[in-house]
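Enquirer: All letters in the first sequence, in the order written, are residues 1 to 761 by the UniProt record's numbering.
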Amino acid sequence: MDPDAGSSTAVSWPSASTAGAAAKEEEGGGKQVLVVLVGPPGSGKSTFAEAVQGGSAAGRPWVRVCQDTIGNGKAGTKIQCLKAAADALKEGKSVLLDRCNLECEQRADFVKLGNHVHVDVHAVVLDLPAKVCISRSVSRMNHEGNLQGGRAAMVVNRMLKKKETPFLTEGFSRIMFCKDDNDIKKVVDMYNVLGPSDSLDSGVFGQNSKGPVQVGIMKFLKKPGSSVEKFSGPKVTPSESIPQMQNHFSKQESLEAGGTCPVEAEEEFSNSKKIEEQSRERVLSDISSHTLAFPSISTADFHFDLDRASDIIVDAVAEVLQKYDNIRLVLVDLSQKSRILSLVKDKAAKKNINSNRFFTFVGDITQLHSKGGLQCNVIANAANWRLKPGGGGVNAAIYNAAGEDLQRATKECADTLRPGSSVTVPLPSTSPLHQREGVTHIIHVLGPNMNPMRPDCLKNDYTKGSKILHEAYTSLFENFVAIVQSCMGKQNTEPALEKPATGVTSPNDSKTKRECTHDSERTKKHKLVQPNVSSNQATEGDIKRSAVTTTKMWGSWAQALHELAMHPENYKNSDSVLEISDDFVVLNDLYPKAKRHVLVVSRRDGLDSLADVKKEHLPLLRRMHSAGVKWTQKFLEEDSSLVFRLGYHSVPSMRQLHLHIISQDFNSASLKNKKHWNSFTTTFFLDSVDVIEEIEQRGSATISSDDRVLAMELRCHRCRSAHPNIPKLKSHIANCKSSFPSHLLQKDRLLSSSTMHMDCT
DNA sequence: GTTCTAGAAC
DNA sequence: GTTCTAGAAC
């Protein structure tokens, strides 16, 4: 790649003729730069630094900090370089750090320094062939660091063995690789025209794609109790001013290898340190891909106050990083001038967030690896509530980059998304985004909504909006953690719940759906689920099923059906009771939610709900189903325009297993609220045919004990359009003539005069 | 499951 | 002001 490919920033600023203080004054525009040169002796670092310093045509004041010369005749130290760099930056100057910096550890303190004083930290890698460096260093005379002749060849070889390619995650905002003098010249030219207020785009430029894999960058991925723990670097605190940093460094001074090319360097590593390094690399390579890249959610659509949004991001990030160790988060924005990015960066630094575990990044979220050199196995999508492509921005970009695979995979996981929630979609390996960028999962997230045509519009309610935005990020991070945990093959303290997602459920696709995860709504009470559900006992699969047995507490009001089932003779004169058999009672629902709404109530004591049903109950279920079909037929004879659905509520409110037979007009005054609607039109409603089939195959029914589907937005059961409230929904469904969703047209899930081969008169 | 009602939304 | 939702009580 051309080294200046990323220098798209215009450099047409007025040239500041004065240096130093003048540059500092202009800080509002661009930033100072700390250029960390990376290269062995003979690679041309000093020549590069002198060329930039001497050729600056744009008024940017440069200071060269060179370890070879900083000791005034004696061997210079890293500490001296750090101090000199800190001083120069404090004076508003940009710094060229002229030392080898071949190892991550050698660079780390300088990067930290640059990030602390909020300057851009660049790496310029002088990646020339070893023989070139050797030949230059061997033959040169009067080298500043007195490294020349035969000794130089040995040192260059030794150092190159230890070379660790710089990576953005070390804290660099930009890395440029120079393979030859031509590349070097281009980079020098780029800096020469970089005015005091200019800045260069973030990213990696000129890297050879088959470069070595960088493992050292993963040192942030410590796990408590593991050997990696020992390698967590000194904790960075916001109050850690430069002098304090220097104190810290001075303690380590004896351990630090000299900057330029000390022959002694190799001896500085004790055996124990080597062992630690090896074990670190081994562990870290296992979890090296656990990185989530996410865009800023809702800030464009919602016109969210960016200051508040950045607080929310930083808070949510801090919370999740505190809870989990082995993850890395990256906030991505396309624009170099992104305000949300700079706000978040500043606040994260102030909040003492480890910049290795969370950082901001300028780039295209769909090309982080190929263009940015940043490997992220999971990326978040600022999705729309329909989970559909389009709309521009990140959503469109991700759908475009991932191809149709993403649409298909998303559809298998969920139909919609509520504000403040997220859903994980495993990205098929056939997707270009998977193949090219190494992205294995997309997590769709939906922030607060302000479009009055959509459900849950917040208008200008920032309190609520903030809450939802925080929920959205938390949900995103929890889902990401769940992916990481499942990749690591273990469930930690707080595994994110794995649930069947919203939308279509059928035996055919239930497997894939289970692989998707929806967010857990921690604040919501699960009133219908009693503690004995024992979610924490779930081990493999983690699908809560059939766990609600005999000990569920039923309120007195919930006992009516049980009472009826046990003593149907007491009700035989009631108008509501249509049929009594040994197995069941058929009755009109007391509060019908449609023109026709009938219950087939099992008479078996102990079968409180579907969760209690086992294979031995199949004959009963089949008989209940047949009774339902028989009565449906009768109703269709009375009104052939009706369409019926037969099914069970996942978690019923009334005790005693009962099958609903309900016409799909939903034209009833008793249908009053969201829970009523969603209990019949979401996955909460399990079709009788599917329940029977699953019990035949698995021995029990898969039940989502998650009642969040009941709180979902109101959508037409035919055309899936959304409506803000019950009255509007009702007026819509009264007129909606759309055909039913295709899955309902299969397997006799819908019964009508045509499917039952009756005459339509 | 429904009813009642406070308070949010309009 | 009225409409609508959501939570508590039953």
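Backbone N, C-alpha and C fix where the C-beta goes; we use that ideal spot for every residue, glycine too.
How would you call R436, buried or exposed, if buried means at least 16 neighbouring beta carbons within 10 angstroms?
Expert: Locating residue 436 in the first sequence gives position 436, counting from the first residue. Burial call: exposed.
Enquirer: Over what stretch of residues does the alpha helix (DSSP H) that includes M624 continue unbroken?
Expert: Here residue 624 is taken as the residue at index 624 of the first sequence, counted from 1. Note, M624: alpha helix (DSSP H), 618-638.
Enquirer: Residues in its own chain within less than 6 Å of K747 by CB, not counting five upstream and five downstream?
Expert: Taking the first residue of the first sequence as 1, we reach residue 747 at position 747. Non-local beta-carbon contacts of K747 in its own chain, meaning distances under 6 Å to residues more than five positions away in sequence, involve V689 in chain order.
Enquirer: Just list the residues that DSSP pairs R151 with in beta bridges.
Expert: As a first step, residue 151 must be located in the first sequence, where it is residue number 151. Its beta-bridge partners do not exist; DSSP assigns none.
Enquirer: If you draw a straight line from the C-alpha of F48 to the C-alpha of Q407, how long is it?
Expert: The sequence position of residue 48 within the first sequence is 48, counting from 1. The sequence position of residue 407 within the first sequence is 407, counting from 1. Using only the alpha carbons, I get a separation of about 49 Å.
Enquirer: Please report the Cβ distance between G647 and H660, rounded to the nearest whole angstrom; I am assuming they are in contact, meaning their Cβ atoms lie under 8 Å.
Expert: Here residue 647 is taken as the residue at index 647 of the first sequence, counted from 1. Here residue 660 is taken as the residue at index 660 of the first sequence, counted from 1. Confirmed, about 6 Å.
Enquirer: Hey, could you find the ends of the beta strand (DSSP E) F644 is sitting in?
Expert: Here residue 644 corresponds to residue number 644 of the first sequence, with the count starting at 1. Element bounds for F644: 643-649.
Enquirer: Using three-state DSSP, classify A538 as helix, strand or coil.
Expert: The sequence position of residue 538 within the first sequence is 538, counting from 1. Any reading at A538 must be qualified, since the residue scores a pLDDT of 32, below 50, and its modelled position is unreliable; the value itself is stated next. Correct three-state label for A538: coil.
Enquirer: Leaving out five residues on either side along the sequence, give the residues of the same chain with a beta carbon under 6 Å from the beta carbon of A58.
Expert: Taking the first residue of the first sequence as position 1, residue 58 is located at position 58. Excluding positions up to five away in sequence, the list reads S15, V193, L194, G195.
Enquirer: In whole angstroms, what is the alpha-carbon distance linking V600 and V423?
Expert: Counted from its first residue, the first sequence places residue 600 at position 600. Counted from its first residue, the first sequence places residue 423 at position 423. Each residue's Cα considered, the two are about 36 Å apart.
Enquirer: Is K93 near P61, with beta carbons less than 7 Å apart?
Expert: Here residue 93 refers to the residue found at position 93 when the first sequence is read from its first residue. Here residue 61 refers to the residue found at position 61 when the first sequence is read from its first residue. Their beta carbons are under 7 Å apart, which means K93 touches P61 by this criterion.
Enquirer: I'd like to confirm the pairing. Which residues does DSSP put opposite N381 in its beta bridges?
Expert: Here residue 381 is taken as the residue at index 381 of the first sequence, counted from 1. According to DSSP, which records beta bridges pairwise, N381 is partnered with H444.
Enquirer: D120 bridges to which residues according to DSSP?
Expert: Within the first sequence, numbered from 1, the residue matching residue 120 stands at position 120. DSSP lists V33 as the beta-bridge partner residues of D120.
Enquirer: Considering only residues of the same chain and omitting the five flanking positions on each side of G28, which have a CB-CB separation below 6 Å?
Expert: To locate residue 28, count along the first sequence from 1; it is residue 28. For G28, the predicted model reports a pLDDT of 47, less than 50, meaning its position is unreliable; a value from the coordinates is still stated below. None.
Enquirer: In this structure, what does DSSP give as the bridge partners for P295?
Expert: In the first sequence, counting from the first residue as 1, residue 295 sits at position 295. Answer by DSSP bridge pairing, in chain order: V332.
Enquirer: Who does M756 pair with in a DSSP beta bridge?
Expert: Your numbering for residue 756 matches position 756 in the first sequence. M756 pairs with nothing; no bridge assigned.
Enquirer: Could you pull the start and end residues of the beta strand (DSSP E) that D687 belongs to?
Expert: Translated into positions along the first sequence, residue 687 becomes position 687. Per DSSP, D687 belongs to the beta strand (DSSP E) from 685-687.
Enquirer: Excluding the 5 residues flanking L744 on each side, which residues of the same chain have their C-beta closer than 7 Å to its C-beta?
Expert: Counting from one through the first sequence, the residue named residue 744 turns up at place 744. If we look at L744 and ignore the five residues flanking it on each side, its Cβ neighbours are L750.
Enquirer: Below 7 Å CB to CB, which residues in the same chain sit around K345 once its five sequence neighbours on both sides are set aside?
Expert: Counting from one through the first sequence, the residue named residue 345 turns up at place 345. T360.
Enquirer: If we call anything under 7 Å between Cβ atoms a contact, is H470 one with I312?
Expert: As a working note, residue 470 is residue 470 in the first sequence. As a working note, residue 312 is residue 312 in the first sequence. The Cβ-Cβ distance between H470 and I312 falls below 7 Å.
Enquirer: Evaluate K45 with the Cβ neighbour count: other Cβ atoms within 10 Å of its Cβ, from every protein chain shown; 16 or more gives buried, anything less gives exposed.
Expert: Stepping through the first sequence from its first residue, residue 45 is reached at position 45. So K45 ends up on the buried side.
Enquirer: Measuring only the C-alpha atoms, how far is L102 from S135?
Expert: As a first step, residue 102 is located in the first sequence; it is residue number 102 there, counting from the start. As a first step, residue 135 is located in the first sequence; it is residue number 135 there, counting from the start. Approximately 19 Å between the Cα atoms of the pair.
Enquirer: Comparing alpha-carbon positions, which option in E478, E637, P448 lies nearest L321?
Expert: Counting from 1 along the first sequence, the entry for residue 321 is found at position 321. Per the Cα distances, E478.
Enquirer: Verify whether the separation of the beta carbon atoms of K636 and M758 is less than 7 Å.
Expert: As a first step, residue 636 is located in the first sequence; it is residue number 636 there, counting from the start. As a first step, residue 758 is located in the first sequence; it is residue number 758 there, counting from the start. The residue you asked about is not Lys; residue 636 is Leu in the sequence shown. Yes, the Cβ-Cβ distance between L636 and M758 is below 7 Å.
Enquirer: Comparing alpha-carbon positions, which option in P652, M190, I695 lies nearest H676?
Expert: Taking the first residue of the first sequence as 1, we reach residue 676 at position 676. The shortest Cα separation from H676 among P652, M190, I695 belongs to P652.
Enquirer: In or out: E696 buried (at least 16 other Cβ within 10 Å) or exposed?
Expert: On the first sequence, position 696 is the one that residue 696 refers to. So E696 counts as exposed.
Enquirer: Can you pull the DSSP bridge partners for N588?
Expert: Taking the first sequence and counting its residues from 1, the one referred to as residue 588 is at position 588. N588 pairs with V598.
Enquirer: Apart from the five residues on each side of it in sequence, which residues of its chain come closer than 8 Å, Cβ to Cβ, to I353?
Expert: As a position in the first sequence, residue 353 is number 353, starting the count at 1. Here the set comprises V314, V317, A318, L321.
Enquirer: If you reduce the DSSP assignment to three classes, tell me which class V228 lands in.
Expert: For the purposes of this step, residue 228 is identified with residue 228 of the first sequence, where counting begins at 1. Low confidence applies here, because V228 scores a pLDDT of 29, under 50, leaving its location unreliable and the question unanswered by this model.
Enquirer: Could you check where the beta strand (DSSP E) with L96 kicks off and where it finishes?
Expert: Position 96 of the first sequence, counting from 1, holds the residue named residue 96. Segment 94-98, the beta strand (DSSP E) holding L96.
Enquirer: Determine the burial state of C104: buried for a count of at least 16 other Cβ atoms within 10 Å of its Cβ, exposed for fewer.
Expert: Position 104 of the first sequence, counted from the first residue, corresponds to residue 104. With 16 or more other CB atoms across the displayed protein chains lying within 10 angstroms of its CB, C104 is buried.
Enquirer: Let me know the secondary structure DSSP gives Y473 once reduced to three states.
Expert: Walking along the first sequence from the start, residue 473 turns up at place 473. Helix.
Enquirer: Below 8 Å, how does it come out for the stretch 713-732 and the stretch 621-633: are there three or more Cβ pairs, yes or no?
Expert: A contact is defined here as three or more CB-CB pairs under 8 Å, and the stretch 713-732 fails this definition with respect to the stretch 621-633.
Enquirer: Given 8 Å as the limit, is there contact between the stretch 113-123 and the stretch 82-90, that is, 3 or more CB pairs closer than that?
Expert: yes
Enquirer: Would you report the Cα separation of N381 and A409, rounded to the nearest angstrom?
Expert: Residue numbering aside, residue 381 sits at position 381 when the first sequence is read from its first letter. Residue numbering aside, residue 409 sits at position 409 when the first sequence is read from its first letter. Roughly 14 Å between the two C-alpha positions.
Enquirer: Would you decide whether L337 is buried or exposed? Buried here means 16 or more other CB atoms lie within 10 Å of its CB.
Expert: Indexing the first sequence from 1 puts residue 337 at position 337. Strictly speaking, residue 337 in this sequence is Lys, with Leu absent from that position. So K337 ends up on the exposed side.
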